[in-house]
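First to last, the protein sequences are chains L and W. Numbering of the first sequence is given in my numbering, commencing with residue 1 and proceeding in unit increments. Numbering of the second sequence is given in my numbering, commencing with residue 1001 and proceeding in unit increments. Heads up, the beta-carbon is just placed ideally off N, CA and C, and yes, glycines get one too. Notes follow the structure.
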Amino acid sequence: MEYVFRILRCDPMKDEHPYFQDFSYETEEKKSMLEALMDIRNEQDCTLAFRYSCREAICGSCGMVINGKFDLACRTMVDSLKSSVIVIEPLPNLEIQKDLAVDMEPFFEAVRRIEPYLFSEGKIPEKGHRIEDREMDKIFQYVNCILCGCCYSACPVVARDERCLGPAALAKLFRFVKDPRDKRPFSNWSRVNTETGLWGCDTVFKCNEVCPKDVRPADGIEALRRKLVVEKIKRIFRKER
Amino acid sequence: MLSQDILVVGGGLAGLAAALASDPQLKVAVISKVHPLRSHSVAAQGGINAALGNSPDGQDDTWEKHAFDTIKGSDYLADQDIAELMCEKAISTIYELEHLGVPFSRFPGGVIAQRPFGGAGFPRTCYAADRTGLVILHTLFEQSVRRKVKFFNEWLVTKLAVKDGKCLGVVVYDLATGDIFPIKARAVIFATGGYGRVYLRTTNAFINHGSGIGIAYRAGVPLKDMEFVQFHPTSLYDTNILITEGARGEGGYLVNNKGKRFMEDYAPSAMELAPRDIVARAIQTEIEKGNGFEDQYVHLDLRHLEEKKIKKRLPGIREICINFAGIDPIDAPIPIQPAQHYSMGGIDVNAQCASVVEGFYAAGECACMSIHGANRLGGNSLLDTVVFGKTAGEEASHAVKGGKGSKDAERFLLDEALEVKKKIEEWGKKDSGEKVHRLLNRLKVIMSEKVDMFRNKKDLSAALDEISELRGDYGRVLISGKCLRYSQELVNIIEFDSMLDLAEVITLGALNREETRGSHFREDFQDRNDKDWLKHTLVTLKDGKPHINFKEVNITKYEPKARKY
């Protein structure tokens, strides 16, 4: 089978604008998009830049836009695209560093802003914390996040306002708030009670649609909103009493 | 010049554990050639061992029994004092990880769940479904955020600067800028992982070139027991993505084309849960006897575990099977074959993770403390990374606080960086020559055909010749893409130098060791020979050539016996 790989190229050090470059690619084997890109790099242009590591959809390196679809290149099979022309673009909402490699720093900065770690208090309990498996199951959906940044890139709210936290960070915050071991105070997590935090979300569910790990970040955002409202109401009554 | 008290190289589990354990008053940084979360630790699936005794079938478990299983699994090549140290520390390590946020799966009553694993006397492997590496790596990364650990991502270390037996720092290639420069450090900890990609078939990530081990070797640090290469029994046919041992721990069967659970011919009592070396060889033997499918694979059958259990305990491998093989293990058996998985050998370090070079430490897969000996048990590598990553951080901190800096370090480091720069300029100047990806492929073919699971003198000798020929061709390597920013080609060229060294040391060790022990199987010497070979291989680079030495195995109380499962 013969394909045309139309890849968005950009070297910000010398190119004023990104441009598309076509590469012809032939393969009879079943290949992932990542393997195909590596072949093209090795055989046709060694300056073609993109990130990769695990090749099994767990490290989160190779998010990109393939024929308009956000996905990891490693888990996208070339023949599954049913198209002889394949358009490949870097993740949007992030600056291009070179070709398909984008600057992930704003994404990680958003994650850092929610203080993404367990607030565990006191000494380590002997024999560990006692938590029923069903409680762990409630956070497992969010624990599966590999921080690939696909949701952040696809999010129309982030596109509009780069100060927004974006889906992955908020879903991660919910993962901690929901964890029975987490003792973060309400004052900590209610900081996302803002237009660039929880209430920025348009609930168009772009993040749920593009997530390659089925994390469904918008579920977390909605649940966190509900929890925030409930906590606020509880606090009002507590004060009255 | 950038200067650190402690420089950790590698952002996987061992590296992050080292950084977190380092004294916060010191200037500590982690250098990684990828973002830390992209490290290969993230791909670990099945779990991490500790004798918690949480399983109803495991209440009599103790860390001493864990140590015994580890030592027996190692075919008695483990240093027993170190194995004991790890197994004793395992229990508090798990509770510490849990307290930091690792979301382990639970048993009724809320205690950490444990599943059976190969070569273990009790269900001892703690897990988070089948994504244990992911959750532990993310948790340690989260703690690094909390502690504001300094990271330098997408920097590749190209050289270890050693002068008069003392480590002064490293030289790095910054992918984003294309620059080469030195970093001064009072202690350097390597946590650079394994070298799986010197083989064609490996479960390892594309980035696992093992250059850290090679760099240490080039700097004069001995490598230990490199001939012991672990082949994982169950990698997904064709892509060789790992299918966790947990699948067998949960009750999966290995079945040949006659529908037979063939492990009864190889390990009648442990069956599918024999140690990896035994199961991997059994599978390969079945395939070679014509009992496989398409002469390539056998089946790992999980269907009898049924949908609920598969979705709950093994969701990750189900996703992998669906994504990469188009099959759902609920409905169909998984086609699997053995593939390179882990390096028991590595940089020779002692119980403090210290090497013979002052100020140079190593931990995790790149290191060889001789815990795993000739064969590592599943669930012991995550444990090794966390326990000894921490040790490395603590010991390096201790040494830095007690020691003093070196004079003239900066001049030496600048010279070292200049040398690297000159080499790169030479590669860049050429208009014709060898392309590195072709050399890499040739190396993989040599290693897979001649230094694989079944070895013999003829193949190993031939491999050594071919590796040396390849080294000649590497002299003509060129950078074909002239831009040095984000040049994966340059990364590969730099790392290939190390890969050649590693291939040579693995092969030389394998040729020299005329016995069969653990993962090292010699067709021409099929028995273990304790009289001559109960010793570690040490290979040191002297005057540009590898020199072999030996080191005693430390035996505490477990007398070497024949291994039966």
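Distance CB(residue i)-CB(residue j) smaller than 8 Å
{"i": "Met64 (chain L)", "j": "Glu95 (chain L)", "result": "no"}
{"i": "Ile1479 (chain W)", "j": "Ala1362 (chain W)", "result": "no"}
{"i": "Gly1220 (chain W)", "j": "Asp45 (chain L)", "result": "no"}
{"i": "Gly1073 (chain W)", "j": "Pro1275 (chain W)", "result": "yes"}
{"i": "Gly1101 (chain W)", "j": "Leu118 (chain L)", "result": "yes"}
{"i": "Pro167 (chain L)", "j": "Ala218 (chain L)", "result": "yes"}
{"i": "Leu1383 (chain W)", "j": "Ala1050 (chain W)", "result": "yes"}
{"i": "Ile221 (chain L)", "j": "Ala171 (chain L)", "result": "yes"}
{"i": "Cys62 (chain L)", "j": "Ala73 (chain L)", "result": "yes"}
{"i": "Arg75 (chain L)", "j": "Pro212 (chain L)", "result": "yes"}
{"i": "Leu1137 (chain W)", "j": "Leu1037 (chain W)", "result": "yes"}
{"i": "Leu1002 (chain W)", "j": "Ile1180 (chain W)", "result": "no"}
{"i": "Phe20 (chain L)", "j": "Ile40 (chain L)", "result": "no"}
{"i": "Gln1114 (chain W)", "j": "Ser1211 (chain W)", "result": "no"}
Interface partners of residue i on chain W, CB under 7 Å
{"i": "Asp133 (chain L)", "result": "Ser1105 and Arg1106"}
{"i": "Thr98 (chain L)", "result": "At residue 98 (chain L) the sequence reads Lys, which differs from the Thr that was named. The answer, in chain order, is Arg1485 and Tyr1486."}
{"i": "Gln67 (chain L)", "result": "According to the sequence displayed, residue 67 (chain L) carries Asn and not Gln. The contacting residues do not exist; Asn67 (chain L) stays about 18 Å from chain W at best."}
{"i": "Asn93 (chain L)", "result": "Chain W residues near Asn93 (chain L): none, gap ~18 Å exceeds 7 Å."}
{"i": "Gly60 (chain L)", "result": "Leu1037 and Arg1038"}
{"i": "Met136 (chain L)", "result": "Pro1103, Ser1105 and Arg1106"}
Sheet register partners of residue i (DSSP bridge)
{"i": "Gly1169 (chain W)", "result": "W:Ala1161 and W:Lys1184"}
{"i": "Tyr1342 (chain W)", "result": "W:Gln1230"}
{"i": "Pro1546 (chain W)", "result": "W:Leu1541"}
{"i": "His1520 (chain W)", "result": "W:Arg1517"}
{"i": "Ile1082 (chain W)", "result": "Beta-bridge pairing links Ile1082 (chain W) to no other residue."}
{"i": "Lys98 (chain L)", "result": "L:Ala101"}
{"i": "Cys1126 (chain W)", "result": "W:Ile1048 and W:Gln1114"}
{"i": "Val1030 (chain W)", "result": "W:Val1008 and W:Phe1151"}
{"i": "Pro1056 (chain W)", "result": "DSSP, once it has assigned bridges, lists no residue as partnering Pro1056 (chain W)."}
{"i": "Pro1335 (chain W)", "result": "W:His1299"}
{"i": "Leu1242 (chain W)", "result": "W:Ser1235"}
{"i": "Val87 (chain L)", "result": "L:Arg6"}
Cβ distance (whole Å) where residue i is taken to contact residue j below 8 Å
{"i": "Glu1504 (chain W)", "j": "Leu1464 (chain W)", "result": "7 Å"}
{"i": "His1232 (chain W)", "j": "Ala1339 (chain W)", "result": "6 Å"}
{"i": "Ile1215 (chain W)", "j": "Lys1159 (chain W)", "result": "6 Å"}
{"i": "Leu1200 (chain W)", "j": "Val1042 (chain W)", "result": "Rounded, the Cβ-Cβ distance is 23 Å, inconsistent with contact."}
{"i": "Val210 (chain L)", "j": "Phe70 (chain L)", "result": "4 Å"}
{"i": "Leu1020 (chain W)", "j": "Ile1006 (chain W)", "result": "Going by Cβ atoms, the distance from Leu1020 (chain W) to Ile1006 (chain W) rounds to 12 Å, so no, they are not a contact pair."}
{"i": "Gly1373 (chain W)", "j": "Leu1077 (chain W)", "result": "3 Å"}
{"i": "Phe1550 (chain W)", "j": "Lys1535 (chain W)", "result": "4 Å"}
{"i": "Val1387 (chain W)", "j": "Thr1070 (chain W)", "result": "At roughly 12 Å, the Cβ-Cβ gap does not stay under 8 Å, so Val1387 (chain W) and Thr1070 (chain W) are not in contact."}
{"i": "Val1170 (chain W)", "j": "Ala1185 (chain W)", "result": "7 Å"}
{"i": "Tyr1195 (chain W)", "j": "Leu1502 (chain W)", "result": "5 Å"}
{"i": "Thr1556 (chain W)", "j": "Gln1080 (chain W)", "result": "4 Å"}
Chain W contact residues for residue i, given Cβ-Cβ distances below 8 Å
{"i": "His129 (chain L)", "result": "Glu1098, His1099 and Gly1110"}
{"i": "Pro116 (chain L)", "result": "Glu1142 and Val1145"}
{"i": "Asp11 (chain L)", "result": "Cys1483 and Arg1485"}
{"i": "Ala101 (chain L)", "result": "Tyr1486"}
{"i": "Arg112 (chain L)", "result": "Val1145"}
Residue i: contacting residues in chain L (beta-carbon distance under 7 Å)
{"i": "Arg1197 (chain W)", "result": "In chain order: nothing, as chain L lies at least about 11 Å away."}
{"i": "Asn1323 (chain W)", "result": "Ala57 and Arg75"}
{"i": "His1437 (chain W)", "result": "Asn42"}
{"i": "Val1135 (chain W)", "result": "Val143"}
{"i": "Ile1207 (chain W)", "result": "Ser53"}
Residues near residue i in its chain [Cβ-Cβ closer than 7 Å; skip 5 each side]
{"i": "Gly1433 (chain W)", "result": "Arg1476, Val1477 and Leu1478"}
{"i": "Leu1300 (chain W)", "result": "Thr1234, Ile1243, Ala1247, Gly1252, Leu1254, Pro1333, Ile1334 and Ile1336"}
{"i": "Lys227 (chain L)", "result": "Val177"}
Cut-off 6 Å between Cβ atoms - residues of its own chain near residue i, not counting five sequence neighbours on either side
{"i": "Arg1522 (chain W)", "result": "Arg1455 and Thr1516"}
{"i": "Asp1251 (chain W)", "result": "The sequence given here places Gly at residue 1251 (chain W); Asp does not occur at that position. Result list for Gly1251 (chain W): Leu1305, in chain order."}
{"i": "Asp1130 (chain W)", "result": "Gln1045, Thr1244, Gly1246, Leu1314, Gly1316 and Ile1317"}
{"i": "Glu105 (chain L)", "result": "none"}
Amino acids of chain W, ordered along the chain, whose beta-carbon sits closer than 9 Å to that of residue i
{"i": "Asp45 (chain L)", "result": "Ser1480 and Gly1481"}
Cβ of residue i within 8 Å of any chain B Cβ
{"i": "Val1042 (chain W)", "result": "In the structure shown, chain B cannot be found, because the protein chains are L and W."}
Listed by chain order, chain L residues near residue i by CB distance under 9 Å
{"i": "His1547 (chain W)", "result": "By Cβ distance, chain L contributes nothing, its closest Cβ being about 35 Å from His1547 (chain W), past 9 Å."}
Spatial neighbours of residue i in its chain, beta-carbon cut-off 8 Å, leaving aside the 5 residues before and after
{"i": "Thr1385 (chain W)", "result": "Gly1012, Leu1013, Ala1014, Ala1017, Ser1041, Ala1191, Ala1363, Gly1364 and Glu1365"}
{"i": "Tyr1297 (chain W)", "result": "Tyr1237, Ile1287, Pro1335, Ile1336 and Gln1337"}
{"i": "Leu1175 (chain W)", "result": "Lys1033, Glu1154, Trp1155, Leu1156, Arg1485, Tyr1486, Ser1487 and Val1491"}
Contact list for residue i against chain L, beta-carbon separation under 8 Å
{"i": "Ile1320 (chain W)", "result": "Glu56 and Ala57"}
{"i": "Ala1129 (chain W)", "result": "Phe140"}
{"i": "Ile1241 (chain W)", "result": "Arg55 and Glu56"}
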